[in-house]
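Everything on this sheet refers to the single structure shown next.
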Amino acid sequence: MFSISHKYVVFKEISKKSQFTCSPFLRVCLTLHESSWNTQARGGPNSDGSYDNGLFQINDRYWCGESGAAGDCNIACSALRDDSISDDCQCASLIYSRMGFNAWYGWINYCEGQSISDAVSHCL
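If you're matching positions, the sequence shown starts at 1 in UniProt numbering and goes up one per residue.
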C-alpha cells in the first residue's frame, strides 16, 4: 500500500491542481472513496463493460481512450494511472464543470452533505 508521505504528496497535488470549487478536504474525500488515493487504480468492469481509471476513477466509456488519447478529455486512460496527476486533475475538472460531483458515486455515497470531520473521520 502507499505510505503516509505518498498520500500527503497526492493530497497536496490535488489541492493545487484541481479546479473544484469546494474545500480541499472534500476533494480528498472524493479521491479517497474513489481510489483510496491509489494513482494506479483501475476499477471495473462496470455493468456496461467500461473501466474506471486513476485517482478520480475516470471512466473510459466517455472520458479517456484505452488505445490512446480519446474521449472528451482527449487522454489515454493509461495516463490517468500514473503518479503524475496534473492530467487527472485537468480531466476531473472538465467532468466537474459538466456534471458536478454527481459524476462520482464515491462522492454521492460518502462525501455529499458531509462535514470535513465526517469526510475524514475514519482516517484519523
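Quick reminder that beta carbons are idealized off the backbone N, C-alpha and C, glycines included.
Which value, in whole angstroms, describes the spacing of the CA atoms of residue 79 and residue 87?
-> Straight through space, the alpha carbons of residue 87 and residue 79 are spaced by roughly 8 Å.
Could you spell out where the alpha helix (DSSP H) holding residue 92 opens and where it closes?
-> That run of the alpha helix (DSSP H) goes 86–99.
Three-state class that DSSP yields for residue 113 in the structure shown = Three-state result, residue 113: coil.
Give a yes or no on whether the C-beta atoms belonging to residue 34 and residue 106 are separated by under 8 Å.
-> Cβ distance < 8 Å, so residue 34 and residue 106 count as in contact.
Relative to the C-alpha of residue 56, which residue among 38, 113 and 108 is closest?
-> Comparing Cα positions, the closest option is 38.
For my contact list, residue 62 and residue 71 are in at a C-beta cut-off of 8 Å; report their separation, rounded to the angstrom.
-> For a cut-off of 8 Å, the C-beta gap from residue 62 to residue 71 is around 6 Å, short enough to register as a contact.
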